[in-house]
Amino acid sequence: MRKLFFGVKNIFARLKQAVGFFFWKTRRTKRKDRPVVLFDIEGLILSRRLTQVVLQFDHIGYSCLVRARNSMYLKNRGDPYEVLFWELTSRWKGESPVLVVCGKENPRYPGKKRIVFDDDIQSFPLRVEEPFYFPLHLHIKRMVERQTEWIPQMPKEMRIGAVFIGSTAPASYLPFEKYIHETFHLPTRLEVLDHIRNHFPDDIFEPERAEDLWRELNDPSLPLKNKIVLVDKIHIGGKDYLQILRNSIFHIWTCGDAFPYCHNQPEGMLCGAIPIFWEYPLYAGLENQKNCLCFRSFDELNEILAKIVSSQFPEKDLLAMSAQVEALYQKTFSDDTFQKNVQAFLESEKAEETYYVHPDVYPRNVQRRETP
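11 is the number that numbering that gives the first Met the number 0 gives to position 12 of the sequence shown; each next residue is one higher, with no gaps.
Dropping the structure here:
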């Protein structure tokens, strides 16, 4: 019976692979005139980012061929193009890639131009002039399916003073508290939000339901312009998420669970929300008082928030800063910029270029402590 079970299982696996090849060939036929980028993902920890990076190459005019052996990349069933791209195989035929995208410890494909993705956060150079590349974390449906084309045409309505939108689940953030402190010398997301709640209790609005947020946002008699809005108890997704950011003057950035970056950096910048964050050198292109507000202590954070809730920032200055933020997004994260960077590398004499990417899994060699 055991042999029969595994025999039937193997037959279905072969059928699944055959169906995957059919859809892949269909997709490739439509894109046969495009240059090929080969993704060799073995040993590269990208998980959900793999989808995002492949789609970005697809959108800038490349045909993407993925070589991997880990079915973890198939888990997110909601991603676009999944059937076409994600029947992952260990072989291919007749392809001559112009570029190989791989991990930093991949010895294959000598002689091919390579973009090496380095997600070992402790090896990142601490200089803002280094070429950083930040794939768009989990918000691929908002960012890649072109649901955001309306953003540049939408007027910037400054209805919310400062906003935080994100998860604060203790199970995700408490285990890495010590790691964030000792490795990056930064406060955790929970510590920043607890500080705000303790020091500005009368200036905070925390909606319990999405309806409460929209009622306050759309009712002119209930102004939020002098409020700090913390949206961590409810889920806001899709265009609603971007609309809230578009209506916010400031966007509070905090560390991810085990990373020093704000995962929502690209979306906030796309919407022109001025970032507020603990000063950190890897936020390339951001300059305090020009397109962001940095703080280096909780006392400085208090000063910034006190000015926000008392409307001490001139509106003219806020609009100018917001425009600078949007301009930096176009320079840093847009498809046009990404396409120019890739093309410049292909035309250069360099054989390899390293992109430092936000990790999407727990850091290697970090001991998780139990959540209390």
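Glycine residues also receive a C-beta, built at the ideal position from the N, C-alpha and C atoms.
Predicted model, so just to flag it, every value in this text is computed and none were measured.
Between the alpha carbons of Phe-199 and Asp-335 lies a gap of roughly 41 Å.
Following the DSSP letters along the chain, one finds Ile-273 inside the beta strand (DSSP E) bounded by residues 273-277. Under the DSSP assignment, Lys-224 falls in the beta strand (DSSP E) whose first and last residues are 223-230.
If you keep only unbroken beta strand (DSSP E) runs of at least 3 residues inside the segment 238-309, you get 247-251, 273-277, 292-294. Look at Ser-95 here: in three-state DSSP terms it is coil, with no helix or strand label. Pairing Pro-169 with Thr-253, the inter-Cα distance amounts to about 15 Å.
At a Cβ-Cβ threshold of 8 Å, Phe-332 and Met-268 count as neighbours.
Residue range 334-346 is occupied by the alpha helix (DSSP H) that includes Phe-337.
A distance below 6 Å between beta-carbons, with the five flanking residues on each side excluded, links Phe-183 to the following residues of its chain, in chain order: Pro-259.
Of all alpha-carbon atoms in Trp-277, Pro-265, Val-53, Leu-64, the one lying nearest the alpha-carbon of Lys-330 is that of Pro-265. In this model, Gln-323 and Arg-196 are separated by some 29 Å (Cα to Cα). Straight-line spacing of the CA atoms in Arg-208 and Gly-271 works out to 25 Å. As DSSP reads the structure, Arg-113 sits in a beta bridge with Val-99, Glu-351.
Per DSSP, the beta bridge partners of Leu-64 are Leu-37.
Shortest Cα-Cα distance from Ser-95 to any of Arg-214, Tyr-108, Asp-57, Glu-104 involves Tyr-108. Here Leu-223 really is in contact with Phe-204; their C-beta atoms are around 6 Å apart, less than 8 Å.
In the three-state reduction of the DSSP assignment, Phe-312 falls in the coil class, being assigned neither a helical nor a strand state.
In the DSSP assignment, Phe-204 is bridged to Val-228.
Here the C-alpha atom of Gly-284 lies approximately 21 Å from the C-alpha atom of Ser-247. Here Ala-350 is exposed, its C-beta having fewer than 16 other C-beta atoms within 10 Å. For Ile-159, the uninterrupted beta strand (DSSP E) segment begins and ends at 159-164.
Residue environment for Glu-176: buried (at least 16 other C-beta atoms within 10 angstroms of its C-beta).
Per DSSP, reduced to three states, the secondary structure at Glu-104 is coil, with no helix or strand assignment.
When the five nearest sequence neighbours on each side are left out, the beta carbons in the same chain lying within less than 7 Å of the beta carbon of Thr-187 are those of Tyr-172, Glu-176, Ile-179, Cys-254, in order along the chain. Burial is judged here by how many other beta carbons sit within 10 angstroms of a residue's own beta carbon; Asp-298 has fewer than 16 and is exposed.
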